[in-house]
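Protein chains in written order, with the working numbering: chain L, 1046 to 1354; chain U, 338 to 800. Yeah, the Cβ is synthetic: ideal placement off N, Cα and C, and Gly gets one too. Written below as structure tokens is the structure these notes are about.
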């Protein structure tokens, strides 16, 4: 491949800076994959435990580059009408009612029934035009004149049929609407797919995408995230918090706390005006960290270990 | 650069990861875009193009380390004379005992060409069908161990051969080079040994973590293993299971009832209204196509799980009662369908019928491999993309061939394969238990010893 002008980012470092300008602290891994995806027009398939910032990555890409973010949330039963486009039947009907009188004027010149039908046929396209087309996220992303980031969230929750359809779209970036013809993408959108490994995705889809696995962050990366997102937090407390969090994650929990929980916890500690982490402080804010009673019990049992006393 | 990546791809494929040509091309394109001297970026490019799921990623990292770190150093072009001697050694190893086929790949591995060796040990854990069929005969039952043993023995032969080679050439090779060569080869030999012994350990099961804690709803009764119940507790247990089933059926039917009503379908209604000049006379509703989940359960009733059999069968009965389309099979060494017993009779009577059924060969010894193969040839049509296959059993197959390829085949046809094991997990990898082989092939494996675990499983199956 010859080195043409690169789209979106200059190099890996540029990608990292852009993401960081949007408040997203990223590892070199993430920056590299984002850069490659942008340079090669490939979708990114992001996997990882819940709450490590999979969706956030797409948002940061959009914010950092100044692009619009178009989001499609997948769920069981999602179909083309909700993902791609739909005709606005109600509007068509309304227009039909309103123009009913004009039809007589139109047909004034017709001599025979055949002529009248021809005259009407010539006007039929009016009702199947962009005016009555309701674009859904996927079509919006394709037709957008400015570059966009398309986030297909939790793609593993959708049905296999939809996945196959998505595959077609992602490989050609064009959509055929029977009444209007084929619409080709103006600019290829940056596509981010996220998955929680709810079910195995098809090999074909995986082959098309660059795979990125985001794990729970290292303690110092997490500290950096907390520092950026929660400004009032003292350096010492952030250090205590993130190492306590790392220890909590090592327990056999039903649901391990993720970055989202760490941020909530930091905000809770600030609101309670706690300066230094003590077992009592953890106990008071336990409901922020653990979402199951069994998990709370586990942490409570090991409070001193968690705070490292 | 290109050649090195292609060689790596070969190794990755040999180790059992599926890498397509398109992915290789993409990877090479991407490498031209990044700074390849930065190892972090280089590794990320390869990883994001070749490893497309979490378990694959773990495997990839192992291979990457092996290929670019453990085997790259010292013997490579940096030291010309050493590489020459290494080649001579390889030739000597291959020629020494031509009847030992395993020595060839091992010798290649020692001079940094790991593909053949990786392929060899990958094939060990997924035997070819022909080999698997051979394992069916009596005595060949140790098929999983046999080939591995011969590789191990070949590895053991390398050390004396190396010594002999060095002795023979002691005048041609200077002392320090000889030392360097010996150290390096010994280090790689131990890597090869480690790979062989470690490779079939189950890889991580992906981001879905096994749920450690199970809700404790049923108190003491819920935590007592099925095997340790007194007759009185057994009666209580049956009652509790009946209640559990009733509850589940209620929640399942509520869910379907809400679906059946459906929401008004504007698009359909208006389209129907076109016929009547735009006046909506017939209302249309959007009926979501029900996902008709099918369940296919295979339940071990052999003597090793006899104490659980009553409960696993009660479980099967409950499953069939709860869900619309369930087919139940029981097996010792061949699968027998018992769906009709459960359909036509009350639970106690059905259990009696099954446990006394003449079709089931209770006196045979458990053979999961045979069971899977027979299941594949007779009942494979029952498995489609909507089918959840549940296997209930301890995976103890009396050292017979476990036929993992057949289970993999079943999984590729099914929606998911779940395994419930009545033994607790520390015992899974002991003795003749083949859970080690089966575990990476299932979507989920969980212990199911008591009522709490059973209830948790049912709950997640429905919701």
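Chain U within 9 Å of residue i, Cβ atoms only
i                      : result
residue 1141 (chain L) : yes
residue 1265 (chain L) : no
residue 1258 (chain L) : yes
residue 1148 (chain L) : no
residue 1172 (chain L) : no
residue 1073 (chain L) : yes
residue 1252 (chain L) : yes
residue 1239 (chain L) : no
residue 1156 (chain L) : no
residue 1087 (chain L) : yes
residue 1330 (chain L) : no
residue 1287 (chain L) : no
residue 1077 (chain L) : yes
residue 1310 (chain L) : no
residue 1081 (chain L) : yes
residue 1131 (chain L) : yes
Nearest candidate by alpha-carbon position, reference residue i, set the options
i                      : options                           : result
residue 1200 (chain L) : L:1218, L:1189 and L:1251         : L:1251
residue 1297 (chain L) : L:1286, L:1140, L:1346 and L:1119 : L:1346
residue 733 (chain U)  : U:512, U:725, U:695 and U:770     : U:770
residue 779 (chain U)  : U:349, U:644, U:567 and U:743     : U:743
residue 1255 (chain L) : L:1133, L:1088, L:1207 and L:1304 : L:1088
residue 1085 (chain L) : U:406, U:584, U:376 and U:368     : U:368
residue 1067 (chain L) : L:1195, L:1286, L:1110 and L:1128 : L:1110
residue 351 (chain U)  : U:457, U:432 and U:357            : U:457
residue 619 (chain U)  : U:602, U:634 and U:427            : U:602
residue 344 (chain U)  : U:501, U:404 and U:725            : U:404
residue 1147 (chain L) : L:1132, L:1218 and L:1164         : L:1164
residue 685 (chain U)  : U:758, U:651 and U:437            : U:651
residue 747 (chain U)  : U:768, U:736, U:718 and U:653     : U:718
residue 694 (chain U)  : U:514, U:668 and U:706            : U:668
residue 1262 (chain L) : L:1052, L:1094, L:1090 and L:1055 : L:1094
residue 575 (chain U)  : U:787, U:794 and U:353            : U:787
First and last residue of the uninterrupted beta strand (DSSP E) at residue i
i                      : result
residue 683 (chain U)  : No beta strand (DSSP E) holds residue 683 (chain U); DSSP gives it neither H nor E.
residue 1089 (chain L) : 1089-1092
residue 636 (chain U)  : 631-637
residue 697 (chain U)  : Per DSSP, residue 697 (chain U) belongs to no beta strand (DSSP E) and is neither H nor E.
residue 448 (chain U)  : Here residue 448 (chain U) belongs to no beta strand (DSSP E), and DSSP marks it neither H nor E.
residue 729 (chain U)  : 724-729
residue 345 (chain U)  : Run containing residue 345 (chain U): none in the beta strand (DSSP E); it sits in the alpha helix (DSSP H), 339-351.
Chain L within 9 Å of residue i, Cβ atoms only
i                     : result
residue 610 (chain U) : yes
residue 780 (chain U) : yes
residue 604 (chain U) : yes
residue 607 (chain U) : yes
residue 500 (chain U) : no
residue 615 (chain U) : yes
residue 621 (chain U) : no
residue 722 (chain U) : yes
Contact under 9 Å by Cβ, residue i with residue j
i                      : j                      : result
residue 704 (chain U)  : residue 731 (chain U)  : no
residue 791 (chain U)  : residue 632 (chain U)  : no
residue 781 (chain U)  : residue 765 (chain U)  : no
residue 784 (chain U)  : residue 760 (chain U)  : yes
residue 492 (chain U)  : residue 526 (chain U)  : yes
residue 1130 (chain L) : residue 1203 (chain L) : no
residue 607 (chain U)  : residue 1134 (chain L) : yes
residue 1177 (chain L) : residue 1127 (chain L) : no
residue 378 (chain U)  : residue 1073 (chain L) : yes
residue 1194 (chain L) : residue 1123 (chain L) : no
residue 1180 (chain L) : residue 1188 (chain L) : yes
residue 1083 (chain L) : residue 1105 (chain L) : no
residue 387 (chain U)  : residue 359 (chain U)  : no
residue 1081 (chain L) : residue 342 (chain U)  : no
Where the alpha helix (DSSP H) containing residue i begins and where it ends
i                      : result
residue 1285 (chain L) : 1280-1295
residue 1059 (chain L) : 1057-1066
residue 1258 (chain L) : Looking at the DSSP string, residue 1258 (chain L) is not in any alpha helix (DSSP H); the run it does join, the beta strand (DSSP E), is 1255-1258.
residue 749 (chain U)  : 741-750
Proximal residues, the segment 352-363 of chain U versus chain L, C-beta separation under 8 Å: For the segment 352-363 of chain U, the set of positions with a beta-carbon nearer than 8 Å to some beta-carbon of chain L reads 355, 357, 359, 360 and 363 in chain order.
Could you run through the segment 381-407 of chain U and flag, in chain order, every residue whose CB is less than 8 Å away from some CB of chain L? Closer than 8 Å at the C-beta level to chain L, one finds these residues of the segment 381-407 of chain U: 381, 382, 384, 385, 386, 388, 389, 390, 391 and 394.
Contact residues within the segment 691-716 of chain U, judged by C-beta distance below 7 Å to chain L: Cβ contacts with chain L: none found.
For the segment 1195-1217 of chain L, list every residue whose C-beta sits within 9 Å of some C-beta in chain B, in sequence order. Considering every chain present, this structure includes no chain B. Its protein chains are L and U.
Which residues, in chain order, does the segment 364-378 of chain U contribute to contact with chain L at a C-beta distance below 9 Å? Closer than 9 Å at the C-beta level to chain L, one finds these residues of the segment 364-378 of chain U: 365, 366, 367, 369, 370, 371, 372, 375, 377 and 378.
Closer than 7 Å between beta carbons: that is the criterion. Which residues of the segment 1092-1112 of chain L meet it against chain U? Residues are counted here when their Cβ sits less than 7 Å from a Cβ of chain U; for the segment 1092-1112 of chain L these are 1092, 1093 and 1094, given in chain order.
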